[in-house]
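Enquirer:
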């Protein structure tokens, strides 16, 4: 049975204020993914980053990040794995998440569970990377502060997503669209 719903009842404005904020955050995360692809495609992947001479690396917005992250210039194997998880699992999940919110299906039980799992993985990998950066012998306090400011969103936004999904679970998932 098809249900005739007006555009206003299914539009962005019909989402809660928190869900609208999350949609904006998801768009931001996907824009960062696009910027990463603009770096990775010419360089041929994360493992080629240390030897890449593409102008996007040497003359672009990424130049400053290379100056503060002690691992981007050397890209050790463990960091390549973390970044590949980000590009092949986490970032596509943000695309799926955006679709789920726009379709008003964000409270679907399987999606809530997947969001909590993926967000927990991101928080964990972000913490490991930051602690490893902090332990790097050549890191300065200024670099570490900049890394924290720039990368805090990779832990804070997933924490917000987990909070949102737990809140939906406590509310009984009453906002699930069954049509």
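Numbering (the working numbering), first residue to last: 156 to 334. All residues carry an ideal CB built from backbone N, CA and C; glycine is no exception. Computed from a predicted model, the values in this text were never measured in an experiment.
Could you name the residues of the same chain whose beta carbon sits closer than 7 Å to that of residue 289, not counting the 5 residues immediately before and after it, in chain order?
Expert: 299
Enquirer: Return the CA-CA distance between residue 304 and residue 249, expressed in angstroms with no decimal places.
Expert: 21 Å
Enquirer: Okay, do the region 236–246 and the region 205–216 touch, 3+ Cβ pairs below 8 Å being the bar?
Expert: no
Enquirer: With respect to the alpha helix (DSSP H) encompassing residue 264, which residues constitute its N-terminal and C-terminal limits?
Expert: For residue 264, the enclosing alpha helix (DSSP H) begins and ends at 264–290.
Enquirer: What do you reckon, are the CB atoms on residue 276 and residue 266 nearer than 9 Å?
Expert: no
Enquirer: Using the Cα positions of residue 232 and residue 201, report the straight-line distance between them to the nearest angstrom.
Expert: 9 Å
Enquirer: Hey, residue 314 and residue 278 are a contact pair by Cβ (cut 8 Å); roughly how many whole angstroms apart?
Expert: 6 Å
Enquirer: Please classify residue 177: is it buried, with 16 or more other beta-carbons within 10 angstroms of its beta-carbon, or exposed?
Expert: Of the other Cβ atoms in all chains shown, 16 or more fall within 10 Å of the Cβ of residue 177; this residue is therefore buried.
Enquirer: Determine the direct distance from the alpha carbon of residue 183 to that of residue 257, and round the result to whole angstroms.
Expert: Their Cα atoms are separated by approximately 15 Å.
Enquirer: Where does residue 238 sit, in a helix, a strand or coil, going by DSSP?
Expert: Helix at residue 238.
Enquirer: Taking all protein chains shown into account, decide if residue 213 is buried (16 or more other Cβ within 10 angstroms of its Cβ) or exposed.
Expert: exposed
Enquirer: Residue 316 and residue 271 - do their beta-carbons sit closer together than 9 Å?
Expert: Cβ atoms of residue 271 and residue 316: closer than 9 Å.
Enquirer: Leaving out the 5 sequence neighbours to the left and right, which residues in its chain are closer than 7 Å to residue 198 when beta-carbon positions are compared?
Expert: 204, 207, 209, 212
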